[in-house]
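Read in my numbering, the sequence shown has 29 at position 11, and its numbers run on one by one without any break.
Backbone N, C-alpha and C define an ideal beta-carbon position, used for all residues, glycine too.
Notes follow the structure.
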Amino acid sequence: PAVDAPFERPDWLGREVTGRRRYYNSALTRRPFREWNAAEQAGDAE
19 PAVDAPFERP DWLGREVTGR RRYYNSALTR RPFREWNAAE QAGDAE
């Protein structure tokens, strides 16, 4: 779809609240969650 195509936001979609860049989509495209080590997945590492 085009960038300006209409988009219906699902009820569960809200604003990002963690303030942690590693959870931003732009960061996850470069390093997906599946590549994180156990400490990163547990939230113990930045």
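Checklist entry - Taking the alpha-carbon positions, what's the Pro-24 to Glu-53 distance? => result Looking at the two C-alpha atoms, the distance is approximately 33 Å.
Checklist entry - Helix, strand or coil: how does DSSP classify Phe-51 here? => result Note: Phe-51 maps to helix in three-state DSSP.
Checklist entry - Looking only at its own chain, which residues have a Cβ that is under 7 Å from the Cβ of Arg-39, when we skip the five neighbours before and after it? => result Cβ within range, chain order: Ala-45.
Next on the checklist: Check for me: the alpha helix (DSSP H) holding Glu-58 runs from which residue to which?
Outcome noted: Bounds of the alpha helix (DSSP H) holding Glu-58 are 56 to 60.
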